[in-house]
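S.K.:
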Ligand SMILES: NC(=O)c1ccc[n+]([C@@H]2O[C@H](COP(=O)([O-])OP(=O)(O)OC[C@H]3O[C@@H](n4cnc5c(N)ncnc54)[C@H](OP(=O)(O)O)[C@@H]3O)[C@@H](O)[C@H]2O)c1
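In my numbering, the protein residues as written are 380 to 655.
#1: At which residues does the beta strand (DSSP E) containing residue 557 begin and terminate?
#2: Got a sec: does ligand 1 put a non-hydrogen atom nearer than 7 Å to the Cβ of residue 568?
#3: With DSSP collapsed to three states, give me the class of residue 505.
#4: Relative to ligand 1, is the shortest distance from any of its heavy atoms to the C-beta of residue 500 smaller than 7 Å?
#5: At a cut-off of 7 Å, is residue 620 close to ligand 1 when judged by its beta-carbon and the heavy atoms of the ligand?
#6: How about residue 611 and residue 440: do their beta carbons lie closer than 8 Å?
#7: Looking only at its own chain, which residues have a Cβ that is under 6 Å from the Cβ of residue 613, when we skip the five neighbours before and after it?
#8: Would you say the beta carbon of residue 561 is closer than 7 Å to some non-hydrogen atom of ligand 1?
#9: Taking 7 Å as the line, does the beta carbon of residue 564 fall inside it for any heavy atom of ligand 1?
#10: Any contact between the region 429 to 438 and the region 461 to 477? By contact I mean 3 or more CB pairs, one from each, below 8 Å.
#11: Let me check you understand the geometry: is the CB of residue 381 closer than 7 Å to at least one non-hydrogen atom of ligand 1?
#12: Check the Cβ-Cβ distances between residue 390 and every residue of chain D, and say whether any is below 8 Å.
#13: Please identify the residue among 400, 492 and 454 whose C-alpha is closest to the C-alpha of residue 501.
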């Protein structure tokens, strides 16, 4: 077995790289034609049933409006029911023929099972699940006092991507899964970071501050529209804004450079520590 590993260590990487080099140009061309076809025959979501978690604010709220403009029926889930009702009212005005609101906490498995059953029973079907509700945290590791503070965040981030990639492999073509990796999107979440890190700074001031530090933010509307287009095209992944994909390439090909850039931006030149 050792011999086999030694043999594979020597030959497999060069063979793979050679095959990739030969295969990539025709593959990329076919992929381009395929994406062109999908954008022409984009999924029509009119009258379809869409369940959106975390629809009471931010990205989830604006995704609800985008679906509403395209005539979809909506089930909106979050903990703040008053906010959900306001989103539902606006979604109806924008063109959604039917909107229901469900107050639930997605961190409780029993509540998730219950609202999914309720929604499927009510509409008799479920076409899209927008698994958007989530929490995040931007601060230095040394700020945390105990691991339990970050455990739920770690489970809700990279673990989710791996989970849905595995699920997609399992489902094959039967169920489409679009994994979205947003950049910095204007939302309540970003505003909360500003309050943690910059005390009394307003949302507008905080975005200006981020932009002044060369990380352009994207509007929630723009992000929501990109999510809808990408989902209806049946894309596997969406990075929004798309220029942020450059970071993935640098990270994969030159991890040292990527790490140095991130360290410089967030630690050496930190807007987080300007509170002092
Ligand atoms: N904004 C960004 O720059 C950015 C970047 C990368 C990823 N993301 C991800 O995008 C998603 C949406 O974030 P956002 O920026 O739109 O933030 P947001 O404005 O804070 O919205 C978060 C939504 O999730 C809901 N939510 C949170 N915990 C919940 C729970 N336990 N049960 C039910 N609903 C819950 C909140 O509603 P209630 O409080 O009413 O329950 C709210 O509607 C999150 O998963 C976030 O991690 C955002």
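Just so it is clear, CB atoms sit at the ideal spot from N, CA and C, and this is done for glycine as well. Predicted model only: the values in this text are computed from it and were never measured.
M.R.: Here's the rundown:
#1: Here residue 557 belongs to no beta strand (DSSP E), and DSSP marks it neither H nor E.
#2: yes
#3: coil
#4: no
#5: no
#6: no
#7: 417 and 555
#8: yes
#9: yes
#10: yes
#11: no
#12: Going by chain labels, chain D is absent from the structure shown, which holds only one protein chain.
#13: 454
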